[in-house]
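So the sequence shown is numbered by numbering that gives the first Met the number 0: it starts at 0 and just counts up by one. Think of the CB as a built atom: it goes at the ideal place given N, C-alpha and C, for glycine as much as any other residue. Being a predicted model, the structure only gives us computed values, none of them experimental. Quick notes on the structure that follows.
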Amino acid sequence: MSRRRLALVAALVVVVALVVVAVVVRRDEAPASVPAPAQADPTPGRPTPSPTRTARPRLVGDRTGDVLVLPSLGVRAPLVSVAMSATRTLTPPRNPREVGYWDGSAAPGSATGQTLVAGHTVHTGGGALDRLATLQPGDRVVIRRPSAGAERIAYRVVTVEDLSKAQLAARATDLFGQGRGAGQLRLVTCTGWNGRSYAGNTVVTAVPLRPPA
């Protein structure tokens, strides 16, 4: 085989390899898309007097710079604020080592509502929440805010659930709705890699170690 032909073959192999790598990376970084909770319908019957209504939670807003710490897994991941898409799903940051706050969820430490954090699982490794499903009830979750004098908000894991996409959608309002009972933290990532895509989601629920002020 001539040198020119060998060079052409080598170039073709490189191009094919780059295409394969691009496809694999894109699939590996499949986002933990979270469905938006449905809007709550007005409760029929006599309205509840305003003094006894559940207070609306403080919203996350822009808290870029916070850090999610999972001590039992050795995870320290930067937190950035992410918004709901036009299709009413929440997609984590493009960087798989970062995790995203839903900017419409409750702020960490809020007395009511759910603080929602979504992050990537990468089946070849490198995702911030690759091992989220291995958390155990009782494990700690900490949100640190260096910009606020190293403020720390600590939580205790109470449940770790693997849900299909249909189950997650059916429970979206209960899991991610705001103004429902005491404040909680929800961590969400993908699970169930089948070689092409992720079949479901892992959802971790954690409660504050100290009652919110």
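Item                                                                                                                                                         : Value
Check whether the segment 163-176 and the segment 132-147 are in contact - that is, three or more C-beta pairs closer than 8 angstroms.                      : no
Hey, how far is the Cα of Thr111 from the Cα of Gly176?                                                                                                      : 10 angstroms
Taking the C-alpha atoms as reference points, what is the distance between Leu67 and Thr86?                                                                  : 27 angstroms
Straight-line CA distance for Leu174 to Val74?                                                                                                               : 23 angstroms
Note down the Cα distance separating Trp101 from Gln113, rounded to an integer number of angstroms.                                                          : 10 angstroms
If you draw a straight line from the C-alpha of Val98 to the C-alpha of Pro91, how long is it?                                                               : 6 angstroms
Considering only residues of the same chain and omitting the five flanking positions on each side of Leu72, which have a CB-CB separation below 6 angstroms? : Arg130
Where does Ser71 fall in DSSP's three states?                                                                                                                : helix
Mark Gly182 as exposed unless 16 or more other C-beta atoms lie within 10 angstroms of its C-beta, in which case mark it buried.                             : buried
Determine the closest residue to Val203 out of Thr172, Ala132, Asp65 and Ala153, with distance taken between C-alpha atoms.                                  : Ala132
Should Arg143 be labelled buried (16 or more other beta-carbon atoms within 10 Å of its own) or exposed?                                                     : buried
What are the partner residues of Asn200, as DSSP defines its beta bridges?                                                                                   : Leu162 and Cys189
Thinking just about the alpha-carbon of each residue, which of Tyr154, Pro95 and Tyr197 is nearest to the one in Ala117?                                     : Pro95
Between the alpha carbons of Leu208 and Asn193, how many angstroms are there, rounded?                                                                       : 36 angstroms
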